[in-house]
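Asker: Residue numbers (our numbering): 124 to 479. Even for Gly, the Cβ is constructed at its ideal location relative to N, Cα and C. Computed from a predicted model, the values in this text were never measured in an experiment. The structure under discussion is supplied below as structure tokens; questions concerning it will follow.
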């Protein structure tokens with residue numbers, strides 16, 4: 124593979140000349156075939172055409188030799204610059220990997236790689252990189268080659284760049300630097316497309332490139348569609364996701380995206396979660412809302428839970444309501460849920476959380 128825009132242009136010129144040389148060879152073959160069966164006068168004319176074709180082929184050979192020499196110089200100069208740029212990116216990903224030099228071997232470059240101060244080469248008869256590098260190191264090396272190639276593009280703003288799952292096999296320590304490097308190219312390129320299954324990676328990338336449009340593929344029963352994706356909402360976990368559910372139901376009622384039983388199940392985890400955060404050294408994972416209420420009910424003035432007595436009545440009322448629909452109640456799926464009552468308890472829950 125020839126690298127560098129100037130080298131590619133030279134290579135294409137050589138390729139065109141080789142095609143013309145092949146056409147000249149075929150033309151002489153056709154002319155010589157005609158010469159065998161034509162008259163003397165016509166034969167002389169055809170012989171002249173054969174000689175002209177031979178002269179042109181000789182010119183083509185000379186032009187190819189000159190272009191190949193120029194190509195070799197241009198490719199080697201670009202290769203050295205390329206090597207330098209690759210190492211700049213490699214330093215972001217690994218302190219154990221470094222390209223030390225390269226040799227031009229025909230139309231290929233042989234890169235010399237230093238791995239923890241041990242020299243290896245990219246040739247098949249040397250130490251196999253397949254068994255020398257981890258999957259993360261292989262991807263870090265490949266990503267460095269590609270980023271270096273992009274960095275050397277003189278007109279990156281004209282390009283559409285596509286990255287498909289760049290974090291594949293890269294460990295967590297390389298995550299942030301990968302995001303920063305990709306974001307830098309995204310801000311420069313005409314268009315930048317990033318494909319990934321890692322929602323948290325996409326969220327972090329979006330924070331660095333605020334004008335990103337996030338899309339996901341869904342199946343609507345007949346075909347696959349692109350729809351806009353709220354990555355921030357979809358990456359919420361624990362108490363934050365439950366709070367979002369309560370807030371959505373308060374605002375939109377039954378028109379929100381959540382089933383009423385999903386909503387009522389979020390009430391207790393929100394309260395329990397906030398208590399566990401606030402009193403993280405006093406409430407372990409084996410204690411639930413009923414246990415917390417007992418702590419408050421039995422607290423004396425010296426107890427850290429004493430100040431929560433003002434919230435005790437509200438806690439008990441919300442707990443009594445929510446446990447009706449808890450899975451510990453064998454009939455919880457058969458008990459109907461009144462929409463307005465549920466909205467009121469969601470509102471009371473959020474108000475209580477501000478007091479806790």
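Tell me which residue opens and which closes the beta strand (DSSP E) that residue 287 is part of.
Answerer: 283–287 is the extent of the beta strand (DSSP E) around residue 287.
Asker: Does the stretch 300–311 come into contact with the stretch 222–242, if we say contact requires no fewer than three beta-carbon pairs (one atom in each stretch) closer than 8 Å?
Answerer: Contact fails: fewer than three Cβ-Cβ distances are below 8 Å.
Asker: Which complete alpha helix (DSSP H) runs does the stretch 345–384 hold, if anything under 4 residues is left out?
Answerer: For the stretch 345–384, whole alpha helix (DSSP H) runs of length 4 or above, ordered along the chain, are 354–357 and 361–375.
Asker: If we ignore side chains and look at the alpha-carbon of each, how far apart do residue 287 and residue 276 end up?
Answerer: Near 20 Å, if we compare the C-alpha coordinates of residue 276 and residue 287.
Asker: Would you decide whether residue 262 is buried or exposed? Buried here means 16 or more other CB atoms lie within 10 Å of its CB.
Answerer: Residue 262 should be labelled buried.
Asker: With a CB to CB cut of under 8 Å and the five nearest residues on each side skipped, what residues in its chain are close to residue 433?
Answerer: Within the same chain, residue 433 has close Cβ partners 478.
Asker: Measure the alpha-carbon distance for residue 285 versus residue 313 and round it to whole angstroms.
Answerer: Computed Cα separation, rounded: 11 Å.
Asker: May I have the straight-line CA-CA distance separating residue 188 from residue 217, to the nearest angstrom?
Answerer: The straight-line gap from Cα to Cα measures roughly 41 Å.
Asker: DSSP three-state label for residue 457, please.
Answerer: Note: residue 457 maps to helix in three-state DSSP.
Asker: Where does residue 242 fall in DSSP's three states?
Answerer: Strand at residue 242.
Asker: For residue 234, name the three-state secondary structure that DSSP assigns.
Answerer: Residue state, collapsed to three classes: strand.
Asker: Going by DSSP, what residues sit across from residue 226 in a beta bridge?
Answerer: Paired residue(s): 233.
Asker: Do residue 158 and the ligand GDP come close, with the Cβ less than 6 Å from some heavy atom?
Answerer: In the structure shown, the ligand GDP is absent, as is every other ligand, since no ligand is present at all.
Asker: For residue 139, which of helix, strand or coil comes out of DSSP?
Answerer: Of the three classes helix, strand and coil, the one that applies to residue 139 here is helix, per DSSP.
Asker: Evaluate residue 425 with the Cβ neighbour count: other Cβ atoms within 10 Å of its Cβ, from every protein chain shown; 16 or more gives buried, anything less gives exposed.
Answerer: Residue 425 is exposed by the Cβ-count criterion.
Asker: Quick one: what does DSSP say residue 275 is sitting in, helix, strand or coil?
Answerer: Looking at residue 275 - three-state DSSP - the assignment turns out to be coil, as it is neither helix nor strand.
Asker: Could you tell me whether the stretch 199–210 touches the stretch 164–179, where touching means 3 or more Cβ pairs closer than 8 Å?
Answerer: Too few Cβ pairs lie closer than 8 Å, so no.
Asker: With the cut-off set at 7 Å, would you say residue 472 and residue 341 are in Cβ contact?
Answerer: Not a contact, by the Cβ cut-off of 7 Å.
Asker: Can you find the residues in the same chain that come closer than 6 Å, C-beta to C-beta, to residue 144, ignoring five residues on each side of it along the sequence?
Answerer: Cβ within range, chain order: 180 and 183.
Asker: Pairing CB atoms from the stretch 357–366 with CB atoms from the stretch 437–444, are three or more of them under 8 Å?
Answerer: Short answer: they don't touch.
Asker: For my contact list, residue 431 and residue 419 are in at a C-beta cut-off of 8 Å; report their separation, rounded to the angstrom.
Answerer: Residue 431 to residue 419, Cβ: 5 Å. Contact.
Asker: Within a Cβ cutoff of 6 Å, which residues of the same chain sit near residue 256, ignoring the five residues on either side of it in sequence?
Answerer: Hits under 6 Å: none found.
Asker: For the stretch 368–380 against the stretch 459–472, are there 3 or more C-beta pairs whose distance is under 8 Å?
Answerer: The stretch 368–380 is in contact with the stretch 459–472.
Asker: Compute the Euclidean distance between the alpha carbons of residue 171 and residue 151, then round it to the nearest angstrom.
Answerer: Approximately 11 Å, taken between the alpha carbons.
Asker: Could you have a look at residue 342 and say whether DSSP puts it in helix, strand or coil?
Answerer: In this structure, residue 342 counts as strand in the three-state DSSP scheme.
Asker: Using DSSP with H/G/I as helix, E/B as strand and the rest coil, what is residue 406?
Answerer: Residue 406: coil per DSSP, three-state reduction.
Asker: State yes or no: is the C-beta of residue 427 within less than 7 Å of the C-beta of residue 412?
Answerer: Taking 7 Å as the Cβ cut-off, residue 427 and residue 412 do not qualify as a contacting pair.
Asker: Using the beta-carbon count (16 or more within 10 Å), is residue 457 buried or exposed?
Answerer: That one is exposed.
Asker: Could you please give me the residues that DSSP links to residue 316 through a beta bridge?
Answerer: 285, per the DSSP bridge assignment.
Asker: Counting contacts by CB-CB distance shorter than 7 Å, is residue 285 in contact with chain C?
Answerer: No chain C is present in this structure, which holds just one protein chain.
Asker: Do residue 369 and residue 469 have their C-beta atoms closer together than 7 Å?
Answerer: In contact: residue 369 and residue 469 (Cβ atoms closer than 7 Å).
Asker: How long is the line joining the alpha carbons of residue 169 and residue 154, rounded to whole angstroms?
Answerer: In a straight line, the C-alpha of residue 169 is about 6 Å away from that of residue 154.
Asker: If we count the other Cβ atoms within 10 Å of its Cβ and call it buried at 16 or more, is residue 316 buried or exposed?
Answerer: Exposed, because fewer than 16 other Cβ atoms sit within 10 Å of the Cβ of residue 316.
Asker: Under the rule that 16 or more other beta-carbon atoms within 10 Å means buried, what is residue 163, buried or exposed?
Answerer: That one is exposed.
Asker: Let me know the secondary structure DSSP gives residue 397 once reduced to three states.
Answerer: Residue state, collapsed to three classes: helix.
Asker: Tell me whether the beta-carbon of residue 133 lies closer than 7 Å to the beta-carbon of residue 190.
Answerer: Taking 7 Å as the Cβ cut-off, residue 133 and residue 190 qualify as a contacting pair.
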